[in-house]
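Engineer:
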Amino acid sequence: EAGVTQSPTHLIKTRGQQATLRCSPISGHTSVYWYQQALGLGLQFLLWYDEGEERNRGNFPPRFSGRQFPNYSSELNVNALELEDSALYLCASSLQGDTEAFFGQGTRLTVV
Amino acid sequence: GDSVTQMEGPVTLSEEAFLTINCTYTATGYPSLFWYVQYPGEGLQLLLKATKADDKGSNKGFEATYRKETTSFHLEKGSVQVSDSAVYFCALLYSGAGSYQLTFGKGTKLSVIP
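Going line by line, the protein sequences match chains A and B. Start counting the first sequence at 1; every next residue gets the next number (this note's numbering). Start counting the second sequence at 113; every next residue gets the next number (this note's numbering).
#1: Do Y72/A and V111/A have their C-beta atoms closer together than 8 Å?
#2: To the nearest angstrom, how far is it from the Cα of G169/B to the Cα of T14/A?
#3: Please compile the residues from chain A whose C-beta is within a distance smaller than 7 Å of the C-beta of K161/B.
#4: Would you mind giving the Cβ-Cβ distance between L214/B and A203/B, rounded to the nearest angstrom? I have them listed as a contact below 8 Å.
#5: At 9 Å on the CB atoms, spell out the chain A contacts of L204/B, in chain order.
#6: Give the residues from the region 140-172 of chain B that approach chain A closer than 8 Å (Cβ to any Cβ), ordered along the chain.
#7: Under 7 Å between beta-carbons, which chain A residues line up against G219/B? List them in chain order, please.
#8: How many Å lie between L39/A and A87/A at the Cα?
#9: So, is the C-beta of S195/B closer than 8 Å to a C-beta in chain A?
#10: Using a Cβ cut-off of 9 Å, pull out every chain A residue sitting near F216/B, in sequence order please.
#11: When you compare the CB of N185/B with every CB in chain A, is at least one pair closer than 8 Å?
#12: Considering only residues of the same chain and omitting the five flanking positions on each side of E120/B, which have a CB-CB separation below 7 Å?
#13: Between F201/B and chain A, is any beta-carbon pair separated by less than 8 Å?
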């Protein structure tokens, strides 16, 4: 069975541009989570989607947004990129919100 | 709010040494507790979990016991290998008013030398 898949693996953008990151959850999982892992800062919770709705949001500015599609895949959009947005963005999925989450390999976003 | 505190790293051990990585948490109610591992250049893998007090999670020789009285979930392994070199994250999952959030500690980097 396929795990959580994220694309692209690496993404290089210029400051001020927009980035779109994609995530496909494990088959049957309805919850998708997004985390930012910046160097030296651990994992910071970004967003949680379940059944197509945004259920919870971390302490990030509105230029971080996303959505979940009817097939439960998800997109994370980051607008007006800043240099400090450079990080590994991890997506995770779970059967529902109260069960363990399984992570993808991440998308490494570099803003230059 | 909920929080997880892990021992600061990095931790360097010789092969076959005993490993303990401390983890304590703050949460209202009774969260589920997890240890995740991140190998270099990879995402996070679930290592073990415990969902209620006194539960012991175990996997690949690693163990952790959910201690409600001390709000702790320390990770242990009796004999580490070079292949265990990675960053280890303690995490809790708590629900409040139907909202679930997985909260992580800052991670502890383990290096095992031959």
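Idealized CB from N, CA, C, for every residue including glycine. Owing to the predicted nature of the structure, the values given are computational and were not obtained by experimental measurement.
Structural biologist: This is what the structure holds:
#1: As a first step, residue 72/A must be located in the first sequence, where it is residue number 72. As a first step, residue 111/A must be located in the first sequence, where it is residue number 111. Contact flag unset, no.
#2: Position 57 of the second sequence, counting from 1, holds the residue named residue 169/B. Position 14 of the first sequence, counting from 1, holds the residue named residue 14/A. Spanning the two alpha carbons is a distance of roughly 44 Å.
#3: Reading the second sequence from its first residue, position 49 is the one you call residue 161/B. By Cβ distance, chain A contributes E100.
#4: Against the second sequence, residue 214/B aligns to sequence position 102. Against the second sequence, residue 203/B aligns to sequence position 91. Correct: roughly 5 Å between the Cβ atoms.
#5: Along the second sequence, read from residue 1 onward, the residue named residue 204/B stands at position 92. Under the 9 Å cutoff, chain A gives no residues; its nearest Cβ is about 11 Å from L204/B.
#6: S144, F146, Y148, E154, G155, L156, Q157, L158, K161
#7: Along the second sequence, one-based indexing puts residue 219/B at 107. Those within 7 Å of G219/B in chain A are G42.
#8: By 1-based counting over the first sequence, the position of residue 39/A is 39. By 1-based counting over the first sequence, the position of residue 87/A is 87. Roughly 7 Å between the two C-alpha positions.
#9: Position 83 of the second sequence, counting from 1, holds the residue named residue 195/B. Judged by the 8 Å Cβ criterion, S195/B is not in contact with chain A.
#10: As a first step, residue 216/B must be located in the second sequence, where it is residue number 104. Correct list: Y35, G42, L43, Q44, F45.
#11: Here residue 185/B refers to the residue found at position 73 when the second sequence is read from its first residue. Note that residue 185/B corresponds to Phe in the displayed sequence, not to Asn. By this cut-off, F185/B is not an interface position.
#12: For the purposes of this step, residue 120/B is identified with residue 8 of the second sequence, where counting begins at 1. The answer is none, since no qualifying residue turns up.
#13: As a working note, residue 201/B is residue 89 in the second sequence. Chain A, which has a Cβ nearer than 8 Å to the Cβ of F201/B, makes this yes.
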